[in-house]
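Converting from the sequence shown to this note's numbering requires adding 63 to each position, the first position being numbered 1. For glycine and all other residues, C-beta sits at the position ideal for the given N, C-alpha and C. Everything on this sheet refers to the single structure shown next.
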Amino acid sequence: MQKRIAMIGGGNMAGALVAGLVAAGYPSHLIDVMDRNQTKCDRLHTEYAVNTHLTAGDWLKQAEVVVLAVKPQGLFDTIGEIKTFLSAQALYISIAAGVRIEDMARWLGSDRVVRAMPNTPALVKAGVVGFFVPKKLTDQKEEVLTILQAMGETIEVKSEQELDWLSTVSGSGPAYVFRFIEALEAAAIKRGFDEQSARKMAILTVLGAAKLAVSSSDSPAQLRVNVTSKGGTTAEALRVMQEHHFMEMMDEAVQAAYNRSQVLADELGKR
Numbered sequence: 064m065q066k067r068i069a070m071i072g073g074g075n076m077a078g079a080l081v082a083g084l085v086a087a088g089y090p091s092h093l094i095d096v097m098d099r100n101q102t103k104c105d106r107l108h109t110e111y112a113v114n115t116h117l118t119a120g121d122w123l124k125q126a127e128v129v130v131l132a133v134k135p136q137g138l139f140d141t142i143g144e145i146k147t148f149l150s151a152q153a154l155y156i157s158i159a160a161g162v163r164i165e166d167m168a169r170w171l172g173s174d175r176v177v178r179a180m181p182n183t184p185a186l187v188k189a190g191v192v193g194f195f196v197p198k199k200l201t202d203q204k205e206e207v208l209t210i211l212q213a214m215g216e217t218i219e220v221k222s223e224q225e226l227d228w229l230s231t232v233s234g235s236g237p238a239y240v241f242r243f244i245e246a247l248e249a250a251a252i253k254r255g256f257d258e259q260s261a262r263k264m265a266i267l268t269v270l271g272a273a274k275l276a277v278s279s280s281d282s283p284a285q286l287r288v289n290v291t292s293k294g295g296t297t298a299e300a301l302r303v304m305q306e307h308h309f310m311e312m313m314d315e316a317v318q319a320a321y322n323r324s325q326v327l328a329d330e331l332g333k334r
């Protein structure tokens with residue numbers, strides 16, 4: 064039996080989730096979205112025929128699954144606005160980055176909380192969604208998957224710490240890829256290509272390489288070897304990347320992102 068879903072927040076990720084659910088056949092009349100922005104509400108209602116609300120109210124009492132899709136810094140205040148209307152049996156799925164389950168449970172007065180971390184490619188139904196379900200909520204895993212799979216491929220992790228690590232790879236990962244595309248584009252422009260051609264080369268090269276990696280049984284390392292002739296131009300380019308410690312740089316970047324996530328989580332948990 065399909066449950067009534069309340070989406071708290073009507074931003075990009077919430078919109079991606081709504082779009083995915085409706086496209087997968089989830090009844091739009093069972094989806095409610097709350098956002099203070101009238102324009103966002105109007106767009107979601109017009110495009111997907113979901114119910115939209117500017118404020119919390121008795122309509123929330125019917126929600127069996129509540130997706131918390133607001134910015135982490137605003138989650139505490141938002142929960143304060145909605146908690147008096149919520150059912151004691153509601154299941155909460157938070158996609159607010161970095162906010163720990165124990166803190167949300169304290170704010171909500173409920174321990175029925177699951178954490179998930181989608182990434183921005185979810186906006187084009189190509190996301191990676193990591194999620195953590197506490198042991199006490201194992202029976203709810205299937206309904207969690209039904210919702211999260213609307214945004215892309217799902218990866219279940221064994222702990223919140225592992226979810227934080229996942230966030231530094233797949234959550235922040237698109238930004239790393241975009242930075243690489245920027246660098247490749249800039250290098251092409253420096254060699255005389257116009258901006259449009261340079262961008263097209265950079266983006267489609269990354270897209271094609273990713274598609275090849277997905278479809279091939281070879282590892283990324285082997286695919287790199289396959290395109291690298293000894294003593295050739297690609298080998299020389301990779302030598303320069305190695306001299307500049309490309310692998311070490313990525314490792315340090317992931318570690319820095321994780322360290323920052325813990326600082327932010329500690330700060331948010333003080334509420």
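Proximal residues to residue i (C-beta, below 6 Å), its chain only, five neighbours per side dropped
{"i": "residue 203", "result": "154"}
{"i": "residue 234", "result": "180 and 182"}
{"i": "residue 190", "result": "181, 182, 184, 214 and 215"}
Cβ neighbours of residue i in the same chain (closer than 7 Å, five flanking residues each side left out)
{"i": "residue 166", "result": "331 and 332"}
{"i": "residue 76", "result": "132, 158, 181 and 185"}
{"i": "residue 276", "result": "283 and 286"}
{"i": "residue 248", "result": "261, 262 and 265"}
{"i": "residue 65", "result": "89, 90 and 93"}
{"i": "residue 298", "result": "291 and 292"}
{"i": "residue 317", "result": "231 and 232"}
{"i": "residue 87", "result": "213"}
Per DSSP, the bridge partner or partners of residue i
{"i": "residue 216", "result": "191"}
{"i": "residue 69", "result": "95 and 129"}
{"i": "residue 328", "result": "Note: residue 328 sits in no beta bridge, so no partner."}
{"i": "residue 178", "result": "157 and 195"}
Distance between beta carbons of residue j and residue i, contact taken as under 8 Å
{"i": "residue 67", "j": "residue 125", "result": "5 Å"}
{"i": "residue 177", "j": "residue 145", "result": "Going by Cβ atoms, the distance from residue 177 to residue 145 rounds to 17 Å, so no, they are not a contact pair."}
{"i": "residue 141", "j": "residue 133", "result": "5 Å"}
{"i": "residue 209", "j": "residue 192", "result": "Actually they are not in contact, since the Cβ atoms of residue 209 and residue 192 sit about 12 Å apart, beyond 8 Å."}
{"i": "residue 96", "j": "residue 118", "result": "Contact flag wrong, Cβ pair sits at about 12 Å."}
{"i": "residue 123", "j": "residue 139", "result": "Rounded, the Cβ-Cβ distance is 17 Å, inconsistent with contact."}
{"i": "residue 257", "j": "residue 324", "result": "Wrong, their Cβ atoms sit about 39 Å apart, outside the cutoff."}
{"i": "residue 72", "j": "residue 98", "result": "6 Å"}
Bounding residues of the alpha helix (DSSP H) (the contiguous stretch that carries residue i)
{"i": "residue 302", "result": "296 to 306"}
{"i": "residue 290", "result": "Premise fails: residue 290 is in no alpha helix (DSSP H) and is neither H nor E."}
{"i": "residue 224", "result": "223 to 229"}
{"i": "residue 81", "result": "75 to 86"}
{"i": "residue 186", "result": "Counting along the chain, residue 186 falls outside any alpha helix (DSSP H), and DSSP gives it neither H nor E."}
Cut-off 8 Å between Cβ atoms - residues of its own chain near residue i, not counting five sequence neighbours on either side
{"i": "residue 81", "result": "70, 94, 96, 107, 111 and 113"}
{"i": "residue 206", "result": "66, 128 and 154"}
Residue ranges of each alpha helix (DSSP H) within the region 248 to 286, 4 or longer: Counting only runs that start and end inside the region 248 to 286, the alpha helix (DSSP H) elements of at least 4 residues fall at 258 to 278.
Contiguous alpha helix (DSSP H) assignments of at least 4 residues, all confined to the region 101 to 173: Correct list: 101 to 111, 135 to 145 and 164 to 171.
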